[in-house]
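K.L.:
Pasting in a structure now, in structure tokens, and then I'll have a few things to ask.
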Amino acid sequence: MATTPAPPRLLPSGDSAITVEFSRDIDDDANQRVLALDRAIASAPIAGVSETVPTYRSLLVHYDPVRVGYEALGARLLELAEQPVPEQAKTRRWRIPVTYGGEHGIDLEDVAGALNTSADDIVARHAAGDYRVAMIGFTPGWSYLSGLDPSLQMPRRQDPRLMTPAGTISIGGVQTGVQCLAGPSGWHLLGRTPVRTYQLHRDPIFLLEPGDHVVFCPVDAKIFAEQDRAAEAGEIVAELLPS
Amino acid sequence: MSKLVIAAIGPVSSVQDGGRRGSQRYGLTSGGAMDRFALAAANTLVGNEALSAAIEIGPFDAAFSARGGAVRVALAGAARNAGIAGRGVAFDTSMTLADGETLTLGFARAGSFSYLAIEGGISGEPMFGSLAVNDRAGLGSPYPRPLQAGDELQVAIASGASECRIELPATGEAPVRVVMGPQDDEFTDDAKALFLDSEWKISATSDRMGYRLEGPRIKHLHGHNIVSDGTVNGSVQIPGNGQPIVLMPDRGTTGGYPKIATVVTADFGRFAQISAGRALRFKAVSMAEAQAAAKEFAELLHTLPDRLRGIDDFDLNIEALRDANVAGSAVSAVDAGTWQNFST
Chain A
1 MATTPAPPRL LPSGDSAITV EFSRDIDDDA NQRVLALDRA IASAPIAGVS ETVPTYRSLL
61 VHYDPVRVGY EALGARLLEL AEQPVPEQAK TRRWRIPVTY GGEHGIDLED VAGALNTSAD
121 DIVARHAAGD YRVAMIGFTP GWSYLSGLDP SLQMPRRQDP RLMTPAGTIS IGGVQTGVQC
181 LAGPSGWHLL GRTPVRTYQL HRDPIFLLEP GDHVVFCPVD AKIFAEQDRA AEAGEIVAEL
241 LPS
Chain B
1 MSKLVIAAIG PVSSVQDGGR RGSQRYGLTS GGAMDRFALA AANTLVGNEA LSAAIEIGPF
61 DAAFSARGGA VRVALAGAAR NAGIAGRGVA FDTSMTLADG ETLTLGFARA GSFSYLAIEG
121 GISGEPMFGS LAVNDRAGLG SPYPRPLQAG DELQVAIASG ASECRIELPA TGEAPVRVVM
181 GPQDDEFTDD AKALFLDSEW KISATSDRMG YRLEGPRIKH LHGHNIVSDG TVNGSVQIPG
241 NGQPIVLMPD RGTTGGYPKI ATVVTADFGR FAQISAGRAL RFKAVSMAEA QAAAKEFAEL
301 LHTLPDRLRG IDDFDLNIEA LRDANVAGSA VSAVDAGTWQ NFST
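Below, the structure written as structure tokens:
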């Protein structure tokens, strides 16, 4: 028998947004509830709600206070959050090619050293994972994945890098992620994917949705180079697997 | 069609509108004008929808020329010396540039951002319903970057509508109102009191992502890391050094520092106009008061057309004369170097 989970906390984020907080920590159950509430709002829109932003532990609900007040919206969100988490009707599952190590994953050897194993073993464990997009944030298309093998958990770098390449696949703490744009990162860089999770002038502009499932498929540098050119031209080089 | 040619422009000047909607769940921020009220006033003057795309002009000099036909425009926001062909023109009025004429703008005298709205708006390709430029993400339209001298905007030929001015309520220097939270419980009562009772100075390293504030150090109760959650315009983050960062329209959509408070919607544009080096104070208000203010603000934007007035030469000359006089002794707390990092 499932126990009734504790209701989330409602936190005001100014006069036009409410943070519905399910946990203070990175917590898979909390993330499931966040995504369930997000789906519930998407399937039965609430007047005045303009957009929602799921994160690991909370759902930020943007709204227009002219159309709905804090109290009324908060009560409605608590009501929706109390409903049991439904099975996600249709889970999309993506296979994303990754070139591990070498110039594409400059921290792979260090990670293997720190975890007292071989680079091949790190790749095997990382590529064996069945991940879920817990949230997308920070910069466009940066997809944070839950489901990392606990044996791959490592503290973030002491000294974050100011610039890491577009398409970086990295690990940090209990998380792994697909970074779309080049930018700063304090995570450990294992590889790169040619997949653009965000690409202007492509339909869709954003490939992954919060809640999608992701598996990684190791490819060599030659295939990376080919797929990178195809992706640059607008081709979606991630594969949508039959569910 | 006419063209509006950017003859000269400084950093942090770009096409902005009411911002995009629905993209934050993918990590793309809403963007949009720093001061929506000034944007709306400028647009209203030329008959556009309040939050249509216009040119957001940073504090430096700028010049715009009509080419291929007359172009009707309006100026609002941060006041500055402005002229067409040697005659002074006033803010909060519409004006028409004849083909070949140039509107020149001086350095902002008070505030940071002026808005130049163009009758008929700006042609471009919207993304998530917006043309707003986001320099870091490399998007926006018609140019996916801040404007540069030589850029050309496709605009409508001036309709010939009679010029008008708009009567706007005075914006005071009252404390900037905030609603406490979402993570005010990460701070002691003393730290919250220090935040609310202190004077804060806008740092020179501020930009469209965030305004950094300088003042006393706000200490955290449990450390400065939280698991990232969503941000809004006006989120007041407290990073490890205890110096607040107020998140602006080009913010990251999620952030991992505790947010002690959030600037209310009605005061956000006024806050955004406070230039580097200037001081401000915050005042906590209840959710009820913040939402009442937000409704009043929405009503004010909605009823801006009711504030339009006809204009005659007498009014225009008085306004222009007054502007010219003030400009004669123009000083600004901001120097050129202050804004350099806005351009990167």
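Sequences listed follow chains A and B, in order.
Using the numbering used here, the first residue of the first sequence is number 1, and each one after it goes up by one.
Using the numbering used here, the first residue of the second sequence is number 1, and each one after it goes up by one.
Positions of the beta carbon are idealized from the N, C-alpha and C atoms, including for glycine.
Bear in mind the structure is a predicted one, so any value in this text is a computation, not a measurement.
Alpha carbons only, please: which of B:Ile260, B:Thr93 and B:Gly19 is nearest the one belonging to isoleucine 118 of chain B?
P.N.:
Comparing Cα positions, the closest option is B:Thr93.
K.L.:
Any beta carbon of chain B sitting closer than 7 Å to that of phenylalanine 138 of chain A?
P.N.:
With 7 Å as the cut-off, phenylalanine 138 of chain A counts as an interface residue toward chain B.
K.L.:
Quick one: Cα of valine 133 of chain A to Cα of proline 59 of chain B, how far?
P.N.:
41 Å
K.L.:
So does the stretch 47 to 63 of chain B actually touch the stretch 6 to 16 of chain B, counting three or more Cβ pairs closer than 8 Å?
P.N.:
Pairwise C-beta distances place the stretch 47 to 63 of chain B in contact with the stretch 6 to 16 of chain B, as three or more of them are shorter than 8 Å.
K.L.:
Decide if the stretch 149 to 156 of chain A is in contact with the stretch 62 to 74 of chain A; the criterion is three or more beta carbon pairs, one per stretch, under 8 Å apart.
P.N.:
no
K.L.:
Taking only beta-carbon atoms, is threonine 193 of chain A less than 7 Å away from chain B?
P.N.:
no
K.L.:
Within the present structure, is the beta-carbon of glycine 177 of chain A separated from the nearest heavy atom of the ligand MG by less than 6 Å?
P.N.:
Absence of the ligand MG from the depicted structure is noted, as is the absence of any ligand whatsoever, leaving it without description.
K.L.:
Any contact of the stretch 198 to 215 of chain A with the stretch 76 to 95 of chain A, i.e. 3+ C-beta pairs under 8 Å?
P.N.:
yes
K.L.:
Excluding five sequence neighbours on each side, which residues of the same chain lie with their C-beta closer than 8 Å to the C-beta of phenylalanine 297 of chain B?
P.N.:
Phe37, Thr265 and Ala266
K.L.:
Taking the beta carbon of threonine 262 of chain B as the centre, do at least 16 other beta carbons fall within 10 Å, making it buried, or is it exposed?
P.N.:
buried
K.L.:
Under 7 Å between C-beta atoms, does arginine 57 of chain A make it to chain B?
P.N.:
yes
K.L.:
Roughly how many whole angstroms lie between the Cα atoms of tyrosine 56 of chain A and aspartate 27 of chain A?
P.N.:
7 Å
K.L.:
If you measure beta-carbon to beta-carbon, which residues of the stretch 137 to 165 of chain B are closer than 7 Å to chain A?
P.N.:
Ala137 and Leu139
K.L.:
Where does phenylalanine 60 of chain B sit, in a helix, a strand or coil, going by DSSP?
P.N.:
Coil.
K.L.:
By DSSP's criteria, histidine 213 of chain A is part of a beta bridge. Which residues make up the other side?
P.N.:
A:Arg93 and A:Arg132
K.L.:
Closer than 7 Å, Cβ to Cβ, to anything on chain B: give me those residues from the stretch 141 to 170 of chain A, in chain order.
P.N.:
Under the 7 Å Cβ criterion, the stretch 141 to 170 of chain A contributes Gly141 and Trp142.
K.L.:
Based on Cα-Cα distance, which residue from B:Thr96, B:Gly18 and B:Ser14 lies nearest to proline 144 of chain B?
P.N.:
B:Ser14
K.L.:
What residues in its chain sit with their C-beta under 6 Å from that of serine 203 of chain B, if we drop five residues either side in the sequence?
P.N.:
Arg212 and Glu214
K.L.:
Measuring CB to CB, does alanine 182 of chain A end up less than 7 Å from proline 165 of chain A?
P.N.:
Yes, these two residues count as a Cβ contact at 7 Å.
K.L.:
Answer yes or no: does any C-beta atom of chain A fall closer than 7 Å to that of methionine 1 of chain B?
P.N.:
no
K.L.:
What is the DSSP secondary structure of serine 114 of chain B, reduced to helix, strand or coil?
P.N.:
strand
K.L.:
How would you call histidine 220 of chain B, buried or exposed, if buried means at least 16 neighbouring beta carbons within 10 angstroms?
P.N.:
buried
K.L.:
I believe glutamine 16 of chain B touches glycine 32 of chain B by the beta-carbon criterion, under 8 Å. Please report the beta-carbon distance rounded to the nearest angstrom.
P.N.:
6 Å
K.L.:
Looking at the strands, I want to know which residues DSSP matches up with glutamate 239 of chain A.
P.N.:
A:Arg95
K.L.:
Bridge partners of threonine 102 of chain B, per DSSP?
P.N.:
B:Ser65
K.L.:
Pick out whichever of B:Leu196, B:Arg20 and B:Ala41 has its Cα sitting closest to the Cα of alanine 170 of chain B.
P.N.:
B:Ala41
K.L.:
Please report whether the beta-carbon of asparagine 325 of chain B lies at a distance below 7 Å from any beta-carbon of chain A.
P.N.:
Any reading at asparagine 325 of chain B must be qualified, since the residue scores a pLDDT of 48, below 50, and its modelled position is unreliable; the value itself is stated next. No, no contact with chain A.
K.L.:
In the DSSP assignment, find the unbroken beta strand (DSSP E) run with histidine 302 of chain B in it and report its ends.
P.N.:
Per DSSP, histidine 302 of chain B is not a residue of any beta strand (DSSP E); the alpha helix (DSSP H) it occupies stretches across 287 to 302.
K.L.:
Enumerate, from N- to C-terminal direction, the unbroken beta strand (DSSP E) stretches of 3 or more residues contained entirely within the stretch 48 to 77 of chain A.
P.N.:
49 to 54 and 58 to 63
K.L.:
Whose Cβ in chain A lies nearer than 8 Å to the Cβ of proline 348 of chain B?
P.N.:
Here chain B comprises residues numbered 1 to 344, so residue 348 of chain B is not present and cannot be evaluated.
K.L.:
Under three-state DSSP, which class holds glutamate 163 of chain B?
P.N.:
coil
K.L.:
Please name the residue, chosen from B:Gly47, B:Gly277, B:Asp35 and B:Arg307, that lies closest to alanine 161 of chain B on a Cα-to-Cα basis.
P.N.:
Minimum Cα distance to alanine 161 of chain B is reached at B:Gly47.
K.L.:
Using 8 Å as the Cβ pair cut-off and three pairs as the minimum, do the stretch 109 to 125 of chain B and the stretch 75 to 93 of chain B touch?
P.N.:
yes
K.L.:
Would leucine 162 of chain A be called buried (16 or more neighbouring beta carbons within 10 Å of its own) or exposed?
P.N.:
exposed
K.L.:
So who's on the other strand from alanine 279 of chain B, going by DSSP bridges?
P.N.:
Looking at the DSSP assignment, alanine 279 of chain B forms a beta bridge with B:Lys201.
K.L.:
Proline 65 of chain A touches chain B at which residues, Cβ-Cβ below 7 Å?
P.N.:
Gln291, Ala294 and Lys295
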